[in-house]
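Novice: Following numbering that gives the first Met the number 0, the residues of the sequence shown are numbered contiguously, the last one being 69. Where is the CB? At the ideal position from N, CA and C, for every residue including glycine. Only a predicted model underlies this, so the values are computations on that prediction, with no experimental measurement involved.
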Amino acid sequence: MTTKNVSYNFTSNVKTENELLDEISHMKLIITLIFNKLPKEDRDQIINNLQKFPSDLTNNYIENFKVIDK
Numbered sequence: 000m001t002t003k004n005v006s007y008n009f010t011s012n013v014k015t016e017n018e019l020l021d022e023i024s025h026m027k028l029i030i031t032l033i034f035n036k037l038p039k040e041d042r043d044q045i046i047n048n049l050q051k052f053p054s055d056l057t058n059n060y061i062e063n064f065k066v067i068d069k
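1) Whose C-alpha, out of E16, K69, F64, is nearest the C-alpha of I29?
2) Hey, would you say F34 sits closer than 8 Å to I61, going by beta carbons?
3) Just the C-alpha distance for K51 and E16, rounded to the nearest angstrom, thanks.
4) In this structure, does DSSP put Q44 in helix, strand or coil?
In C-alpha cells form, the structure reads like this:
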C-alpha cells in the first residue's frame, strides 16, 4: 500500500444540519471513488482493518466496499 501525505484545511464555520449532511454525503462519495481506484489487495487490506472496529458504520462501509468487488 502506498502512503501519501495529504493536508486539508478544515474550517470552523458554524453549519446547519443540512449543510453537515450534505458535506458528509460528499465525503462518502469521495471515499468510495478513492476506494474504487485502489488495487484489489489494498481494498482487501482496508476491509480487513475495518473489521477490527465493528460498528454499524464500519459494517455498512464493509458491505458497500464488497459490492465494488462483485
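Specialist: So, from the data block:
1) On the sequence shown, position 30 is the one that residue 29 refers to. Nearest of E16, K69, F64 to I29, Cα basis: F64.
2) The residue labelled residue 34 in the question sits at position 35 within the sequence shown. The residue labelled residue 61 in the question sits at position 62 within the sequence shown. No.
3) Your numbering for residue 51 matches position 52 in the sequence shown. Your numbering for residue 16 matches position 17 in the sequence shown. If I take the Cα positions, the gap works out to 30 Å.
4) Taking the sequence shown and counting its residues from 1, one reaches residue 44 at position 45. In this structure, Q44 counts as helix in the three-state DSSP scheme.
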